[in-house]
Structures are given as structure tokens and as C-alpha cells.
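Every letter in the sequence shown is one number past the one before it in my numbering, and letter 180, counting from 1, is 824.
All C-beta atoms in this analysis are idealised placements derived from N, C-alpha and C, irrespective of residue type, glycine included.
Everything on this sheet refers to the single structure shown next.
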Amino acid sequence: MNVVFVILSILSICFLFYFVIPAVGAYFARERWRRFREKLIQVSLYPVLDYADLNTKGDGLCGNFRFFGNLEAIQGEDRIWLSNGTMTIAVDLQDVSIYLIPSYAPLNSLQQKPISQFEDVLPYQETSSIKWKRIFSLPEGTQLFVGGALVVENGRGVFTSTQKEPLLVAIYEGEKKEILKRAIWCGRQKNEYWNQFTLVSLVTGFFSLLVFAYILLQSPGMRIPAFLSLNLSLLPLAIFLPPGLPLFFAYRFLWKKARYLRAERDLLQLPLRYFRDHRFPPDNGAPGNTVPCKGKEITMLPDKHCYIMIRNNAMNSASFLPVQGNVKIRKSSLSSETSLGNQEYFLFGEYHAAHGPDDTEYITEPQDPMAELIQIPGNPEELAARCDGKARLYTFFSGFFILVDLLLNCFLLFLLLQHVLR
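Structural data, given as C-alpha cells:
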């Protein structure tokens, strides 16, 4: 048996089961959650369903809407009824996944305070999903958010999936205005490498290499390849050995920081989705074109109210408008420590124009529960780009540290096995 061929076979088995298959699973996991976040952002641009939307249209497809309601009843296997206090609608859940959005947690119960200095404490948790057919019961009053196509049947509204528009259904706790932020923050996997394929792949690789090593040990000329196969079979455990253990913790720390920065990037860009020339262009029932004017851009929210983006700084006081309500500050962890009065900042909120000589322009908190009255120190696009760049850098170095950890521990393990089994 050719020694080179045997060594290449061992390395191929190791590479396939320890790297390729988990990496493919990681790609699908990241894509799955990316699609969830994009779908949620798209749904946030649909109008909130109102009773008038049902009365003005006959039976058939009514359009795309959002709905916030409490569970009233479960009908049959796949239909539930939700009420918001003024109207009741049905939701068909056949083949629909239900997303469970984590609730807020007290600061002392979190594993680690988020590095981003946002206005709310966001949990270091994952949004999970489960198929409706695997949910056996839900308590009455459960809060649900639904977005997608609405069909009118005999004057009653029914949310249902279509071929082009699958329903988005989420269970949440707390206020409606927090759903989007929590889902965007938590709608990503903590570590994509550990996915549905990883455990099966690692176990298969371990036993394959172990059996290979046992067979090769029966041949005197294959002692080195046998040691190599035995060594690589222990690769998943090698990262926890003492010489490289600090590198493993460095990998975990940097990976977590990269995840935080990607979440921070998405939250910084969130108010920009209403403006067509930014990252989240609205479509399919979204607001209209923006109107730029003197450091301001005005667009239309799904509820037909105006939404404004103002670029302010100490040298541009002409763009200041009075604000009514509690403005939340979303400060990036990468923004400078300069005071707000000395740097550029962006303000987003519902805009009310002056309609008479005695009226004044002002900004207030939007009535739309998924729009925000928010102030961001610095340019959100630039800050988001910096977050993305730094997240990539942290991801690279976390991968570098875990690779060095593996190489170091595998080399020492190889020497140890040679000494023990010689």
C-alpha cells in the first residue's frame, strides 16, 4: 500500500468531516438567518392591517400587511385566530415556521454586557424557530406578530402563505416597538460552525479515522500514517488541551465581538431602510421616494405619515427642528468619544410640517411601532461599514487563533502518541 496515498486519504477524511461538512452547514445557517432578517425588514415596510382594509375590498387577495395580536383560539390543525382588541383575523400556519424572539433580560442575568452602547439591554441569545406542526399547544393571550399576504374570505381576513410570499410569524413578549430591534440583534447564530451537521460529521470523522488507525497499526510499515490517523481522530478534542487552551478562549472572545459588531451594524442601518438610496431599499408596498432638502430627507412611512432624516452638526444649525418625545441615542461602540455638540449626528423621526402661519415644524415619535425616534452620533452608513470591517478582522483573527491552537496541540499530541505507542 502506498504510504503517500494513505496519508492523503487520512487528510481527506479529516478535511471532509471536520471542515468541509461543518463549513457547508455554517454557510446555510448564516444564509438562513440573513434571509430571516431581510424578510423581517421587508415586512416592517408593510402597512399595519386596519379594519378599513377589509371593508373596502371584496373577497380575494387583499395585499401584504402586518398584524400584532393575541392568540384567541386554535382551529383545527393549521389555523389560529388573533385579536388586537378591535378586530380578529385568522392565520393559516401550514408548513410555517414560528420564530421565538428572546425577551429582554436584566443586566445582571446576562452572560456579558453587549459591547455596543445601545439604549436598551439586548440579550446575548439566539432567535429560535420551530415548525408549527411541532407545536402542540399555545396559551391563550400569547403575543404574535404576523406579516405577509392577506386574503379576504367572506369578509374575514386570513393571513396565508403564497408561492412568492411565505408568512413570517413570530412569538414575542413586551412592547411591539421592540420586536424589530430584538429580532435583528438576536436573529443570528452564536457560532455557525456548530450547526445541525456538525455533531454527526465530527462523530463520523472520529470513528472513521479511529478505524483507519486500527487497520494501519496491523501493518508494520504503516506506523507513521497510523499515528497520524489516530492523532487527527482526536482533533475535535485537541483544541481543549492546555498548551493551546488560551488560544481557544481568544478565539471565542473575538468571535463573540465579531457577532456583536455585525448585530450593531444592522441596528445602525435600521432607520435607513425607509430611504431608497440606502442599504435596505423598500419594495412591495413600501414607502415612496425621498425628498432631499437642506440636510434633510423626507419619505413616507407605511401608515402615510412623513419620516425624516436630518443630518446635524455644530456648523449646520439651520437643520435643527424641535423634537417632541423621548429621543433614544444609538451610539456605536466604534464612535468617537466626542460630545454630541461637537460632532455630526443623524436624527430620525416622524415629521410634522407647518400647515399654517401659526404652525411650526416638529419631529415626534412615529405611530408606526416599527419606526423609531432615534439619534445616531456620526454617519450611520460609515459607522456600519466600520463595524462590518472590524467584524471581518475579528473573524479572521479568531480563525487564526483556533488554527494555531489546533496545529500546536496536534503536534504535541502526535509526539505524545509516538512516545506512548512505540
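Cβ shell of residue i (< 7 Å), same chain only, five flanking positions each side left out
i, result
"threonine 730", "Tyr695"
"lysine 995", "Here residue 995 turns out to be tyrosine, not lysine, going by the sequence shown. Around tyrosine 995: Ile942, Cys950, Tyr951, Ile952, Ile1007."
"aspartate 910", "Arg681, Ile828"
"serine 747", "Glu817, Gly818"
"leucine 652", "none"
"isoleucine 883", "Phe892, Ile1046, Asp1049, Leu1050, Asn1053"
Among the options, the one whose alpha carbon lies nearest that of residue i
i, options, result
"arginine 1036", "Lys975, Ile1020, Lys900", "Lys900"
"glutamate 817", "Ile745, Asp947, Phe871, Thr806", "Ile745"
"threonine 732", "Leu853, Asn956, Leu794", "Leu794"
"leucine 965", "Gly799, Ser772, Tyr743, Lys940", "Lys940"
"threonine 786", "Ser727, Leu811, Gln807", "Ser727"
"leucine 891", "Val1064, Pro810, Asp1049", "Asp1049"
"glutamine 987", "Tyr858, Pro1021, Ser656, His999", "Pro1021"
"glutamate 770", "Leu812, Glu1009, Asn835", "Asn835"
"tyrosine 1038", "Val813, Gly865, Arg896, Gly799", "Arg896"
"serine 773", "Gly799, Ala814, Gly969, Leu881", "Ala814"
"arginine 867", "Val1064, Phe663, Gln719", "Val1064"
"glutamate 675", "Asn798, Tyr837, Phe711", "Tyr837"
"asparagine 1023", "Ser976, Glu822, Asp1003", "Ser976"
"asparagine 956", "Ala998, Tyr989, Asp1003", "Tyr989"
Nearest-angstrom beta carbon gap, residue j and residue i [assumed within contact, 8 Å]
i, j, result
"arginine 903", "arginine 826", "Arginine 903 to arginine 826, Cβ: 15 Å. No contact."
"leucine 905", "cysteine 1031", "5 Å"
"phenylalanine 803", "valine 735", "5 Å"
"alanine 1045", "alanine 894", "One detail in the question is off: residue 1045 reads as phenylalanine in this sequence, not alanine. Rounded, the Cβ-Cβ distance is 5 Å, consistent with contact."
"glycine 704", "valine 796", "6 Å"
"cysteine 1054", "leucine 879", "7 Å"
"isoleucine 654", "phenylalanine 780", "Wrong, their Cβ atoms sit about 47 Å apart, outside the cutoff."
"leucine 788", "glycine 713", "6 Å"
"isoleucine 657", "leucine 853", "6 Å"
"aspartate 722", "phenylalanine 709", "Between phenylalanine 709 and aspartate 722 the Cβ distance is about 20 Å, and since that is not below 8 Å, they are no contact."
Contacting residues, own chain, Cβ-Cβ under 8 Å from residue i (five flanking each side not counted)
i, result
"asparagine 839", "Pro666, Gly669, Ala670, Phe672, Ala673, Gln833"
"leucine 1056", "Leu885, Pro887"
"isoleucine 1018", "Pro915, Val971, Lys972, Ile973, Arg974, Leu991, Phe992, Gly993"
"proline 869", "Val647, Val650, Ile651, Ile654, Leu860"
"valine 967", "Leu991, Gly993, Tyr1006, Ile1007, Thr1008, Leu1017"
"glutamine 1062", "Phe871"
"leucine 1047", "none"
"phenylalanine 919", "Thr934, Glu941, Thr943, Met953"
"asparagine 798", "Asp703"
Sequence-distant residues of the same chain with beta carbon closer than 6 Å to residue i, five excluded per side
i, result
"phenylalanine 661", "Ser845, Thr848, Gly849"
"leucine 782", "Leu715"
"glutamate 1025", "none"
"lysine 808", "none"
"arginine 1014", "Before going on, a small fix: residue 1014 reads as methionine here, not arginine. Here the set comprises Ser688, Leu824."
"threonine 806", "Ala793"
"lysine 1034", "Leu905"
"cysteine 706", "Leu794, Val796"
Exposed unless 16 or more other CB atoms sit within 10 angstroms - verdict on residue i
i, result
"aspartate 739", "exposed"
"isoleucine 954", "buried"
"glutamate 1016", "buried"
"lysine 775", "exposed"
"tryptophan 1011", "Per the sequence shown, residue 1011 should be read as glutamine rather than tryptophan. Classification for glutamine 1011: exposed."
"tyrosine 690", "buried"
"phenylalanine 1040", "exposed"
"serine 863", "exposed"
"phenylalanine 649", "exposed"
"glutamine 913", "buried"
"phenylalanine 659", "exposed"
"arginine 778", "exposed"
"phenylalanine 630", "The chain is shown from 645 up to 1066; residue 630 falls before or after that span and cannot be answered."
"asparagine 858", "The displayed chain sequence assigns tyrosine, not asparagine, to residue 858. It counts as exposed."
"arginine 1069", "The structure shown has nothing for residue 1069, since the chain only spans 645 to 1066."
"alanine 1028", "buried"
"glycine 801", "buried"
"leucine 811", "buried"
"leucine 889", "exposed"
"asparagine 699", "exposed"
"leucine 1051", "exposed"
Residue-chain proximity (residue i, chain D), Cβ-Cβ < 9 Å
i, result
"alanine 670", "Although the question refers to chain D, the structure presented lacks it and comprises just one protein chain."
Stretch pair the segment 843-859 + the segment 677-686: three plus CB contacts closer than 8 Å: no
Any 3 or more C-beta pairs closer than 8 Å across the segment 864-875 and the segment 1041-1058: yes
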